[in-house]
Every structure is written in C-alpha cells, then in structure tokens.
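Engineer: If you scroll down you'll find the structure; I have some questions about it.
In this note's numbering, the protein residues as written are 2 to 316.
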C-alpha cells in the first residue's frame with residue numbers, strides 16, 4: 002500500500018498525523034450549516050436604536066443645561082440679553098464670578114464644606130462598625146434591627162421635619178451647623194450600611210476566621226482586614242453622603258435662621274432672590290461655583306465609585 006493510500010486510510014479511520022486518535026470534529030449546530038455554493042454570511046449585528054435614542058435624549062437633557070449655565074456665566078449681561086441665552090459668548094469674562102464672591106457667597110460655600118465633611122465623617126464612623134456587626138453576627142436581633150433600619154430608605158425627610166425640629170431645639174442646637182449635620186447623617190445611614198454590608202460580604206470568611214485564630218479582636222480585624230478591603234465601598238458611601246449633604250435644602254431651611262449658618266443651597270436661593278432674576282450671568286456663576294466641589298469629589302473617587310456600586314452583582 003502506498004504512502005498516499007495509508008494517509009487517506011488514516012484520515013478516514015479517524016487517526017491523527019502521529020497515529021493517535023483524532024479528536025472528534027464539533028458537530029455544526031442546526032441552522033448554522035452553510036449550504037454548498039453559498040457564501041458565508043456573517044452574523045448581523047442590529048443596532049440598539051432604543052438605547053441610542055435614550056443616550057441621545059440623556060445627552061441633550063444634561064449637556065444643554067450645562068452649556069447654558071457655563072456659557073451664561075462667562076458672558077457680559079448685555080451680551081446675554083442681545084445675543085440670546087444659547088448663543089456662544091462674544092467675549093469671555095470672569096467678572097460675574099468676582100461679583101458673586103464679593104457678595105458673600107464664599108461664606109455659604111465654606112458652611113457647606115464644613116457640613117459635608119462632618120456628615121461624611123460621622124456616617125463612615127457609624128456605618129462601618131454597624132455593617133461589620135451585621136455581617137459577622139448571627140443574632141436574630143441584629144438581623145431584625147437591620148431590616149428596621151432599611152425602612153428608613155422609604156421615609157422622606159419632609160415627613161419627619163416636625164419631630165426633628167423638636168429634637169434639635171431640645172438639644173439646644175437650633176441655628177447651628179450641628180443642627181444640619183445630625184439629621185442629614187441619620188438619613189444617610191441606611192444606604193451607607195446597605196452598601197458597606199454588600200461590600201463586606203464579598204470578603205471570604207476564611208480571612209475573618211484566620212485573623213480570629215491568630216488572636217485578633219474585632220477592632221483589629223476591622224482596622225487591618227475590613228478597612229483596606231472595603232475601600233471602594235467607603236468611597237461610594239462618602240460620595241453618596243457628600244451629595245446628599247451638599248444639596249440638602251429642607252434641613253438648612255428649617256433648622257437655621259441666621260445668614261451666618263446658611264449653606265450653599267439657601268445661599269443660591271437667596272442670591273437669586275436678591276438679583277430678582279435679572280442678572281442671569283451672575284446667577285449662573287453662582288451655580289457653577291456651587292457645582293465645582295461636587296465635580297472635584299466625583300473626579301477624585303470615580304474609579305472606586307464604580308467598583309463600589311457594582312459590588313455583589315457577580316454573586
């Protein structure tokens with residue numbers, strides 16, 4: 002038998018080039034068999050028109066107002082009235098920002114910075130050990146308490162403003178920055194504990210047990226193990242809490258009275274009232290100044306924010 006015949010016989014008998022058994026060829030799936038004489042058709046990728054329209058609508062709704070705010074803040078008042086609100090500024094000026102800062106708007110910004118920093122620190126200090134206790138405890142009392150605390154997500158702040166006002170006056174904290182920090186932190190705690198609990202449950206239980214066997218107490222486990230591994234969740238909680246504290250309106254309005262303790266949201270409201278809606282470029286400059294701290298916080302922690310929001314989705 003010739004070599005050509007042997008090679009032909011080996012292929013038909015299902016042997017490989019070295020004499021061993023050949024792996025069985027994958028059977029084509031029904032519907033993907035290409036008929037002889039017809040060109041191979043590539044799978045058709047249909048565009049997601051609905052998703053594209055949604056993204057375009059979101060871009061228009063968000064981008065157009067941002068352009069209006071930024072462009073209006075960089076133009077003169079006469080240019081705004083003559084050329085129209087959505088036109089490109091003929092001359093970029095910064096005098097509107099100087100006008101806003103000279104009017105005392107910087108005091109409102111500083112009060113908001115203090116309130117936001119204190120609220121974030123208080124929420125993280127309370128939520129971290131609470132989430133650790135919920136994850137590690139087997140007590141039904143802790144589980145029931147966690148369920149009751151999650152009910153706070155469904156309670157709006159406006160519904161509790163009267164009892165909160167009475168509590169703040171009993172604590173002699175009315176018309177202080179503390180009066181804003183305490184209720185804002187209380188309403189931010191349920192979401193903070195929920196996010197940190199999901200993040201801590203991603204940590205393998207063997208790590209907890211290993212540190213416990215080595216003699217570490219709860220404080221050492223929390224500081225040496227939980228704190229480094231839950232950094233994305235902490236950043237997420239920090240940014241979420243900062244957004245709520247910075248944009249808070251109802252608590253500063255009801256629980257403060259003097260201008261020295263008003264935050265940026267009330268300052269912006271008062272500034273619009275003082276201008277009577279006439280000096281629009283200066284008002285837009287105040288809006289831009291109120292957005293800059295939040296934008297900076299998001300740019301700093303956006304990488305940890307995305308990982309913290311998706312924690313637990315792969316389970």
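The C-beta atom is built at its ideal place from N, Cα and C for all residues, glycine as well. Treat the numbers as computed from the prediction; the structure is a model and nothing was measured.
Between residue 204 and the rest of its own chain, which residues show a CB-CB distance below 6 Å, the 5 nearest in sequence each way excluded?
Structural biologist: Position 203 of the chain shown holds residue 204. So the qualifying residues of the chain are 230.
Engineer: On the three-state DSSP scale, how would you describe residue 194?
Structural biologist: By one-based count along the chain shown, residue 194 stands at place 193. DSSP places residue 194 in helix when its eight states are reduced to three.
Engineer: Count the other C-beta atoms from every protein chain shown that fall within 10 angstroms of the C-beta of residue 169, then say buried if there are 16 or more, exposed otherwise.
Structural biologist: Here residue 169 refers to the residue found at position 168 of the chain shown. By the 10 Å Cβ count, residue 169 comes out buried.
Engineer: Where do the ends of the alpha helix (DSSP H) carrying residue 99 lie?
Structural biologist: Taking the chain shown and counting its residues from 1, the one referred to as residue 99 is at position 98. Taken as a continuous stretch (DSSP letters only), the alpha helix (DSSP H) holding residue 99 covers 96 to 101.
Engineer: Pick out the complete alpha helix (DSSP H) segments inside the region 202 to 246, 4 residues or longer, and give them in chain order.
Structural biologist: Listed in chain order, they are 206 to 214 and 219 to 222.
Engineer: Just to confirm my understanding: we take residue 123, look at its own chain, exclude 5 residues before and 5 after, and list those with CB closer than 7 Å. What are they?
Structural biologist: Taking the chain shown and counting its residues from 1, one reaches residue 123 at position 122. Closer than 7 Å at Cβ, skipping near neighbours: 182 and 186.
Engineer: When you compare the CB positions of residue 109 and residue 265, do they come within less than 8 Å of one another, or not?
Structural biologist: Indexing the chain shown from 1 puts residue 109 at position 108. Indexing the chain shown from 1 puts residue 265 at position 264. The answer is yes: Cβ separation under 8 Å.
Engineer: Using 8 Å as the Cβ pair cut-off and three pairs as the minimum, do the region 281 to 294 and the region 197 to 215 touch?
Structural biologist: The answer is no - the region 197 to 215 does not touch the region 281 to 294, with fewer than three Cβ pairs under 8 Å.
Engineer: Within 8 Å, do at least three Cβ pairs link the region 84 to 102 to the region 158 to 169?
Structural biologist: No: fewer than three Cβ pairs fall under 8 Å.
Engineer: Quick check: what's the CA-CA separation for residue 179 versus residue 253?
Structural biologist: As a first step, residue 179 must be located in the chain shown, where it is residue number 178. As a first step, residue 253 must be located in the chain shown, where it is residue number 252. So the alpha carbons of these two residues sit roughly 10 Å apart.
Engineer: If I measure Cβ to Cβ from residue 77 and keep anything under 6 Å in the same chain, skipping five residues before and after, which residues do I get?
Structural biologist: In the chain shown, the residue the question calls residue 77 occupies position 76. Here the set comprises 94.
Engineer: Buried or exposed, going by whether 16 or more other CB atoms sit within 10 Å of the CB of residue 262?
Structural biologist: By 1-based counting over the chain shown, the position of residue 262 is 261. So residue 262 counts as buried.
Engineer: Can residue 198 and residue 156 be called in contact, C-beta distance under 8 Å?
Structural biologist: The sequence position of residue 198 within the chain shown is 197, counting from 1. The sequence position of residue 156 within the chain shown is 155, counting from 1. Contact: no.
Engineer: Could you have a look at residue 24 and say whether DSSP puts it in helix, strand or coil?
Structural biologist: What you label residue 24 is simply residue 23 of the chain shown in a count that begins at 1. Note that residue 24 scores 48 on pLDDT, short of 50, meaning its location in the model is unreliable; the coordinates nonetheless yield the value given after this. Note: residue 24 maps to coil in three-state DSSP.
Engineer: Using 8 Å as the cut-off, can you tell me whether the region 233 to 242 makes contact with the region 135 to 153, which would need three or more C-beta pairs spanning the two stretches below that distance?
Structural biologist: At 8 Å Cβ cutoff, the stretches do not touch.
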